[in-house]
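Reading the sequence shown from the start, the letters are residues 1255 to 1530 in this note's numbering.
The C-beta atom is built at its ideal place from N, Cα and C for all residues, glycine as well.
The structure under discussion appears below in the form of structure tokens.
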Amino acid sequence: MKKWFAVIGNPIAHSLSPYMHDTWLQELEMEATYIPIHVEEGKLEGAVQALKLLGCSGWNVTVPYKEAIIPFLDEIDESATHIGAVNTVVKTVDGKFVGYNTDGFGFIQSLGPIKADDRILMLGAGGAARGIVHAFKQRGFKNIAIANRTYANAEKLVEDLQLGQALTLQEAEDNLELFDIIVQTTSLGMKSNSTTLPIKLNKIKEDAIVADIVYNPLVTPFLEEAEKYNVRTINGLGMLVHQGALAFSYWNELNPDSDEMILRLTEQLGGNYVNR
Ligand code: ATR
């Protein structure tokens, strides 16, 4: 039988994952396909049963099911357990369904070469930040501060992951010159018309890297602001592609071409924006 993969979520129509994975499958001449599946609210358990019954070899999980899927899987790997969220499900040779989380590692990969002693400032303490902080921890990074609108949520993340230091957004803004890498994960990044920024950047180091996990728009209001300071900026497309490539490698034991895919998707999203 032709192998098939999927992504489940709600909404799912605008997901770029089917294009990305289908392109890679074709490029690597694999007899397989990847389809988007819209899962109605309250129907997750049935959808997972159907995926298993119909022979799906593995699937991605996106909003809002990354946490809710956990009880329906046979095993969860260590990273996904700590993060409390799964974005990739792999069917093993003995028919078990195992959950992984490739988001955080995908994000770190999108930064390119960085040093383990780089000082990192996370803006936001939600689910996305949790995955990324955990991946930084796994990779041996120690200098991490988490700044959040609700300080208690930053404190909780520090406590849960036993790493870093909690800050208010104001403290982050006032001490911005201390950080080499600034990662914007708050929901503010998604409002394309918004000019509201989580913090001001006037104290940024000239060799800092500013990353946003959002890829649509390619240049978020936060990255637009960062560009005014002429620092290196990185949008969320790299994270999307690298998390997908890692999932692809778990399923197929092959590494697809991520760099080419970032260029193609940038073009599709109407950008000529290249990370500097
Ligand atoms: P995700 O899974 O994308 O991380 P989330 O878990 O809902 O989404 O987290 C959203 C993050 O954006 C949180 O850190 C949230 O801050 P609070 O903990 O204070 O809610 C942050 N956020 C949302 N709206 C914000 C705003 N208007 N200003 C600053 N931070 C905001």
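Around the beta-carbon of Val1293, 16 or more other beta-carbon atoms lie within 10 Å, marking it buried. In the pairwise beta carbon analysis, the stretch 1486-1495 is classified as touching the stretch 1512-1519: at least three pairs are separated by under 8 Å.
Per the Cβ contact rule, the stretch 1368-1387 is in contact with the stretch 1348-1358 (3 or more Cβ pairs under 8 Å).
Shortest gap from the CB of Asn1264 to any heavy atom of ligand 1: 7 Å or more. According to the DSSP assignment, Arg1384 belongs to the alpha helix (DSSP H) that extends over 1381-1392.
Between Ala1480 and Leu1455, the gap from beta carbon to beta carbon is short of 8 Å. Leu1508 has no beta-bridge partner at all, per DSSP.
The Cβ-Cβ distance between Val1261 and Thr1316 falls below 8 Å. Annotated three-state conformation of His1268 is coil, per DSSP. Cβ contact annotation for Ala1465 (same chain, cutoff 6 Å, sequence separation greater than five): Val1437, Ile1488, in chain order. DSSP lists no beta-bridge partner residue for Glu1479. The C-alpha of Pro1325 lies about 11 Å from the C-alpha of Val1352.
In this structure, the CA atom of Tyr1469 is about 23 Å from the CA atom of Gly1338. Inclusion of Gln1497 and Asn1341 in the CB contact set at 8 Å is warranted, their separation being smaller than that value. By a beta-carbon distance limit of 8 Å, Ile1458 contacts Tyr1483. Their separation comes to about 5 Å.
Looking at the DSSP output, Lys1369 sits in no beta bridge, so it has no partner there. Leu1270 is the residue among Ala1499, Ala1408, Leu1270 whose C-alpha sits nearest the C-alpha of Gln1522. In the DSSP assignment, Val1352 is bridged to Glu1329, Val1344. Assigned with DSSP and collapsed to three states, Ile1337 falls in helix. Under DSSP, Thr1287 shares a beta bridge with Trp1258. Within a 10 Å sphere around the beta-carbon of Met1255 sit fewer than 16 other beta-carbons, which makes this residue exposed.
DSSP, read as helix, strand or coil, puts Ala1462 in coil. Contact residues of ligand 1 (beta-carbon closer than 6 Å to any heavy atom; chain order) are Gly1378, Ala1379, Gly1380, Gly1381, Ala1382, Ala1383, Asn1402, Arg1403, Thr1404, Asn1407, Thr1439, Thr1440, Ser1441, Leu1442, Pro1452. Beta-bridge partners assigned by DSSP to Trp1313: Ala1260, Val1343. Counting along the chain, Gln1303 sits inside no beta strand (DSSP E); it lies in the alpha helix (DSSP H) bounded by residues 1298-1307. Counting the other CB atoms within 10 Å of its CB gives Gly1378 a total of 16 or more, which places it among the buried residues. Per DSSP, reduced to three states, the secondary structure at Val1412 is helical. Collapsing the DSSP output to three states places Thr1487 in a strand. Here the alpha carbons of Pro1318 and Gly1349 stand approximately 26 Å from one another. When DSSP states are grouped into helix, strand and coil, Leu1451 belongs to the coil group.
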